[in-house]
Each structure stands twice: as C-alpha cells, then as structure tokens.
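Chains as they are written, first to last, in the UniProt record's numbering: chain G, 1 to 347; chain Z, 1 to 259. We put the beta carbon where it would ideally sit given N, CA and C, even for glycine. To keep things clear, I will list the structure first and then write my remarks on it.
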C-alpha cells in the first residue's frame with residue numbers, strides 16, 4: 001500500500017481510514033480470499049484442504065493465472081482487452097517444446113525465441129487495435145482463433161500430432177530449466193514468478209511515470225492525448241507485456257506436465273480476466289490493481305482446488321465461480337461509486 | 001496597461017462558406033492584464049480564441065507573439081510559447097488523484113533507470129501548494145479529482161497552467177456552470193495569476209463575473225468587435241447593454257459606431 005495513502009489516512013482520522021481502505025480496488029479480492037480460505041479450512045480442512053500438498057497445488061494453479069492477470073490488469077486500466085492470451089500460451093508451449101525436443105536447442109535460446117514469438121503477437125494485437133480503432137474485444141477474439149488454429153496447424157504439419165512429450169526429460173540437465181521447474185522450499189518456483197510479476201506490475205502502475213500514462217490512457221483518452229501522452233504506444237507496450245507473460249506461463253506449464261500442447265490453456269483468457277475483475281479492474285478502463293489481481297488469482301486457485309473437497313458434485317464448480325464473480329463485481333462497483341462520490345455539502 | 005502586449009490578434013477574420021464567423025477583430029493581452037472577451041452565444045468568441053491558441057488559422061489578419069508575426073501550426077506551437085488554454089472540459093482524468101492530474105503528461109521523475117519513478121512526494125507537495133486557498137484540505141490532493149467541486153476542479157486547471165509557466169492563459173467560460181462562491185474562488189485564482197504577471201483572456205457571457213476582475217473588455221457581436229474598452233471607460237450596465245447588441249450605447253461612450 002503506497003506510503004502516500006498511509007499518511008493521508010493518518011491525516012484524516014479513523015473515519016477516513018476506514019473509507020480509504022474500503023474503497024481501494026483490491027479490497028474485495030482480499031476480503032474474498034480470506035472468506036473463501038476460512039470457508040474451505042473450516043468445512044474441508046479435515047479432508048485435506050489445509051495440507052501442504054494441496055496448498056502447493058492451488059498456488060501453482062493460481063500462479064499460472066496470476067502471472068498473466070497482473071499485466072492484463074494494466075491493459076484493462078489502459079482501457080483495452082486481450083482475449084488471445086490462452087492461444088498465446090499454446091503457441092509458446094509448442095514453440096518452446098518443438099525447439100527443445102525436435103530441434104535440440106538449449107532451454108535459454110528456445111525460451112527467448114518463444115518470448116520473441118509472443119512479442120510479435122503482442123505487437124500485432126496492439127497495432128491492429130490502435131490502427132483500426134475497433135473494439136479490442138473483437139480484434140483479439142479474431143487473433144484468439146487465428147493463433148490457436150495456426151498453432152494446431154503448424155504442429156500438425158511438423159509432427160502430425162497436437163502434443164510434444166518428454167520436454168522435461170530431454171532438458172532437465174540444462175540449468176536454465178530450473179527457472180521453470182524447481183521448488184523453493186515446499187512450493188513451486190512459479191509462486192516466485194507470480195509474486196515477482198505482480199509486484200513489478202503494481203510498481204509500474206503506482207510508482208512509475210508510465211503508470212500515470214496507463215491510468216490516463218484508460219481514464220480519459222482525450223485528456224491524455226491533449227497532455228501529450230502517446231496513448232497508442234502505451235497500449236502496444238501493454239499488449240506486448242501481456243503476451244510475454246503468456247510465454248512465461250507456457251514455459252512453466254511445459255515443465256509442470258512434461259509436455260507442450262497445442263490445445264493448452266483453452267479458456268485461460270476468461271480465467272485471467274476473472275481474476276483481474278475480482279481484483280478490482282474496471283473493463284471500461286482507468287481503474288484496477290495488480291495486487292487485487294494477485295488475490296483474484298489466488299481466490300480462483302483456492303476455489304478451483306477446494307471445491308473438490310466439498311460434498312457438491314464438481315460439475316457445479318462453474319456455477320459457483322460465476323456467482324463469486326458476480327458478487328465481486330457488484331461490491332467493486334459499489335465501492336468505486338463510493339470512492340468517486342463528491343464530498344457532500346462542502347465546497 | 002503600459003506593458004507591451006504579449007499576444008495579439010490583429011484584424012483577424014474567419015469565414016465558413018459565405019458566413020463570416022469573425023470579421024476584422026483585434027484583441028491583445030499584456031503580461032499582468034485580464035482581458036475579458038464577452039459576447040452572446042454565437043458571437044464568435046470560440047472562433048477567436050481558437051485563432052489565438054493555434055487550433056485554427058485565421059483567413060485574414062495576423063497573430064503576433066511578443067510583437068512578431070507568427071503562424072501557429074497547431075495548439076502545441078502556441079503552448080510552446082506559453083499560451084495555455086483551459087478548456088471547459090478541463091482535460092482531467094476523473095478517477096485519478098488530483099496530484100496525478102496536476103502533473104499529467106509532465107510527471108516529475110526521481111531516481112535512476114531502472115528505478116526511475118514518479119516523484120510522488122514532490123508532486124503532492126507542489127499540488128498542495130498550488131491548491132492553497134481553494135478551500136480544499138491537504139488530504140484532498142490524494143483523492144480522485146472527480147470528488148472535487150466544479151470550482152475546485154477549474155481552479156486546479158488554472159493553477160496547473162500557471163505552474164507550468166503559462167505566459168498567457170485563455171480561460172473558456174470558467175465560471176459558466178458555477179455558483180456564486182465557486183465562481184468567486186476561480187476568479188481569485190485568475191487574480192492571483194494576473195498578480196504573478198500572467199496575461200489572462202477570460203471568455204464569458206457573464207458580465208457580473210467579468211466586470212470585477214477585468215482590466216479591459218472586448219465585446220463581440222455577430223462576429224464583429226464592438227470595441228475594446230478600459231474598465232474606467234464604461235460601467236457594468238453599459239457593458240451589459242453592449243453585449244446585448246445595443247449599439248446606441250457606443251454613442252453614449254463616445255466611441256465610433258463603425259459597425
């Protein structure tokens with residue numbers, strides 16, 4: 001939490017402190033995480049929800065969502081949307097796996113190449129959005145299909161298959177693979193990536209000058225342009241950042257299951273946007289928090305894993321998730337209205 | 001005003017098809033002077049200021065800055081010469097805190113790459129300083145600017161232009177949507193800017209707001225200037241009648257009713 005806010009709170013006493021806390025974008029996600037954790041701990045703790053294995057499990061699931069949710073939050077704050085991230089994960093999984101298994105590349109150049117592929121996709125997404133001025137929802141829906149199909153098609157041409165196995169087995173001698181495939185204490189290294197990416201995105205949004213431009217781009221584009229901010233460049237950079245985060249998730253996935261899959265991460269785009277929105281991001285731009293998205297992803301992971309310990313049949317998971325999203329959005333909307341309400345009666 | 005004018009429009013005209021939105025209008029503003037540009041809706045006020053801030057080019061006549069003829073290629077050219085316009089919609093981002101809006105597009109930096117960052121402390125301190133006398137509490141600079149009153153937002157916009165070195169400030173109807181107290185607050189900011197040597201062009205159709213703060217009055221009527229008057233030359237009532245297009249007032253003032 002920024003120091004400036006802290007000093008503001010001291011200055012205004014307790015009433016203001018409560019309201020300031022309540023109206024922060026990440027408030028709902030943090031409270032939701034605590035509530036959901038308590039719920040599963042109380043009702044399914046004995047069944048194993050509190051075990052270390054289970055904790056490691058849901059943190060891993062949450063990490064692969066959260067690593068993309070943080071930069072996509074910045075993109076949402078800038079007023080744009082990216083539906084293509086799931087396809088980018090698959091494209092990067094295949095790129096990385098093919099280069100390692102079939103082409104015999106070392107892990108580092110193979111990974112850098114997959115990052116380059118992601119960068120190219122991000123540039124394309126961003127360029128199409130700013131040049132056509134069409135809704136990014138439509139543009140990236142198109143690239144979602146294009147990239148997914150191309151990934152499947154190219155892999156079919158190259159190998160006649162839609163998966164590449166034994167990536168880990170081929171490359172676990174390579175020290176670089178430890179970046180994606182090792183443990184830190186009892187937890188997977190993906191947790192470190194997730195925390196690092198979230199903190200970096202939060203720093204960029206809250207502390208850097210670029211962050212001010214992100215807020216302005218989504219908050220009032222005309223004002224941003226008038227004050228000389230290059231809004232198109234801001235958007236393109238954020239599309240690239242989002243795609244690159246998908247490349248990182250691809251590498252983590254490939255090592256987690258020892259396989260690259262052209263059908264990987266189907267529907268991931270909705271999971272990351274869910275995490276970002278639960279975390280307080282506004283789809284119309286100008287508002288959001290990478291820290292909120294962190295807790296949104298954590299919540300997602302916890303619910304996803306914890307649900308299977310409840311007596312409910314697991315087919316009801318989606319319904320539960322949808323309900324949670326709805327509640328979160330309603331609360332977020334309410335707190336945001338509160339935050340923007342002019343102070344009554346005083347001029 | 002004894003000082004030489006900083007910004008002048010001399011004999012400017014602007015035509016749209018056969019219709020002349022402006023015809024042979026002259027206006028000038030010197031450092032430390034408040035020039036009120038008055039006129040009813042459709043009198044040509046907006047067209048005139050757009051020739052002064054580089055948004056449009058006049059079809060006839062010249063713009064001068066510091067005594068030299070100049071042709072603005074766009075608003076940036078005017079801004080580079082210290083001619084800042086505060087628009088009615090203010091160019092602020094409603095959900096952003098006041099201090100972030102204050103430095104929008106011109107953010108102060110500290111630290112070295114890659115830790116180069118927004119200098120929050122400086123931005124907050126400078127914004128607090130600029131907002132003094134606005135009836136805002138210190139903590140308000142951290143709040144979204146949408147939570148400020150209309151008068152406070154307008155005052156922030158004026159203070160922002162002055163802070164970034166405006167030599168001439170063009171204010172487009174800054175008080176039109178405001179109540180009495182709020183309008184007074186904005187006008188105090190205008191006075192403060194003037195006392196700091198900024199030339200102000202205040203566009204308004206509200207004589208009660210214009211008369212107390214203005215040094216010089218230019219009245220437009222149907223695209224033509226009814227003249228430039230010093231405050232000592234006319235009363236508030238006469239100014240009001242002029243705005244309504246009652247040209248017999250000009251005879252009363254001993255001016256040449258050339259229109």
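| Item | Value |
| --- | --- |
| Which residue marks the beginning of the alpha helix (DSSP H) containing residue 251 (chain Z), and which one marks its end? | 248-252 |
| Please compile the residues from chain G whose C-beta is within a distance smaller than 8 Å of the C-beta of residue 132 (chain Z). | The premise fails here: residue 132 (chain Z) is roughly 16 Å from chain G at the closest Cβ pair, so nothing lies under 8 Å. |
| Along the stretch 332-343 of chain G, what residues have a CB closer than 9 Å to any CB found in chain Z? | 336, 339, 340, 341, 342, 343 |
| Closer than 7 Å by C-beta to residue 158 (chain G): which residues in its own chain qualify, once you throw out the five before and the five after it? Chain order, please. | 98 |
| Where do the ends of the beta strand (DSSP E) carrying residue 83 (chain Z) lie? | 83-86 |
| Anything in chain Z within Cβ reach of residue 209 (chain G), meaning under 8 Å, just list it in chain order. | 107, 109, 116, 117, 118 |
| From which residue to which residue does the alpha helix (DSSP H) around residue 80 (chain Z) run? | 75-80 |
| Any beta carbon from chain G within less than 8 Å of residue 1 (chain Z)'s own beta carbon? | Residue placement at residue 1 (chain Z) cannot be trusted, given a pLDDT of 45 that sits under 50; the coordinates are not used to answer. |
| State the start and end residues of the unbroken beta strand (DSSP E) segment that holds residue 68 (chain Z). | 68-70 |
| If you draw a straight line from the C-alpha of residue 298 (chain G) to the C-alpha of residue 36 (chain G), how long is it? | 10 Å |
| Closest Cβ-Cβ distance between residue 176 (chain Z) and chain G: below 8 Å? | no |
| Taking Cβ-Cβ distances shorter than 8 Å, what residues in chain Z pair up with residue 227 (chain G)? | 91, 104, 105, 106 |
| List the endpoints of the continuous alpha helix (DSSP H) containing residue 77 (chain G). | 52-77 |
| Can you find a heavy atom of the ligand SAH that lies under 7 Å from the Cβ of residue 84 (chain Z)? | This structure lacks the ligand SAH, and indeed carries no ligand of any kind. |
| Nearest to residue 213 (chain Z) by alpha carbon, out of Z:175, Z:152, Z:82? | Z:175 |
| Looking at the structure shown, is residue 264 (chain Z) part of a helix, part of a strand, or coil, going by DSSP? | In the structure displayed, chain Z extends from 1 to 259; residue 264 (chain Z) sits before or after that span and is not available. |
| How long is the line joining the alpha carbons of residue 169 (chain Z) and residue 85 (chain Z), rounded to whole angstroms? | 6 Å |
| Near residue 215 (chain G), what residues of its chain come up, given a Cβ to Cβ distance below 7 Å and the 5 sequence neighbours on each side ignored? | 77, 286 |
| What residues of chain C sit near residue 45 (chain G), judged by a beta carbon separation below 8 Å? | Reference to chain C is not applicable here, since the protein chains of this structure are G and Z. |
| Just checking: is the beta-carbon of residue 157 (chain Z) within a distance shorter than 8 Å of some beta-carbon in chain G? | no |
| Using the C-alpha atoms, what's the distance from residue 81 (chain G) back to residue 64 (chain G)? | 19 Å |
| I'd like to know whether the C-beta of residue 220 (chain G) is nearer than 8 Å to at least one C-beta of chain Z. | yes |
| Are the CB atoms of residue 186 (chain Z) and residue 145 (chain Z) nearer to each other than 8 Å? | no |
| Under 8 Å between the Cβ atoms of residue 180 (chain G) and residue 56 (chain G)? | no |
| Going by CA-CA distance only, name the one from Z:244, Z:22, Z:151 that's closest to residue 173 (chain Z). | Z:151 |
| Is the distance from the Cβ of residue 197 (chain Z) to the Cβ of residue 5 (chain Z) below 8 Å? | no |
| Counting pairs of Cβ atoms below 8 Å between the stretch 55-65 of chain Z and the stretch 107-115 of chain Z, do you hit three or more? | no |
| Excluding the 5 residues flanking residue 342 (chain G) on each side, which residues of the same chain have their C-beta closer than 6 Å to its C-beta? | none |
| Residues of chain Z with CB under 7 Å from residue 396 (chain G), in chain order? | Summary: the structure shown does not reach residue 396 (chain G), with chain G confined to residues 1 through 347, and so no result is reported for it. |
| Which residues in the same chain as residue 128 (chain Z) place their Cβ atom closer than 7 Å to its Cβ, once the five residues preceding and following it in sequence are excluded? | 138, 141 |
| Can you name the residues of chain G whose CB is closer than 7 Å to the CB of residue 28 (chain Z)? | The premise fails here: residue 28 (chain Z) is roughly 26 Å from chain G at the closest Cβ pair, so nothing lies under 7 Å. |
| Whose C-alpha, out of Z:118, Z:122, Z:208, Z:83, is nearest the C-alpha of residue 29 (chain Z)? | Z:83 |
| How about residue 236 (chain G) and residue 130 (chain G): do their beta carbons lie closer than 8 Å? | yes |
| Reducing DSSP to helix, strand and coil, say where residue 147 (chain Z) ends up. | helix |
| If you count every other CB in all the chains shown that lies within 10 Å of the CB of residue 332 (chain G), and 16 or more means buried, which is it? | buried |
| Nearest to residue 130 (chain Z) by CA position, among Z:93, Z:160, Z:153, is which residue? | Z:160 |
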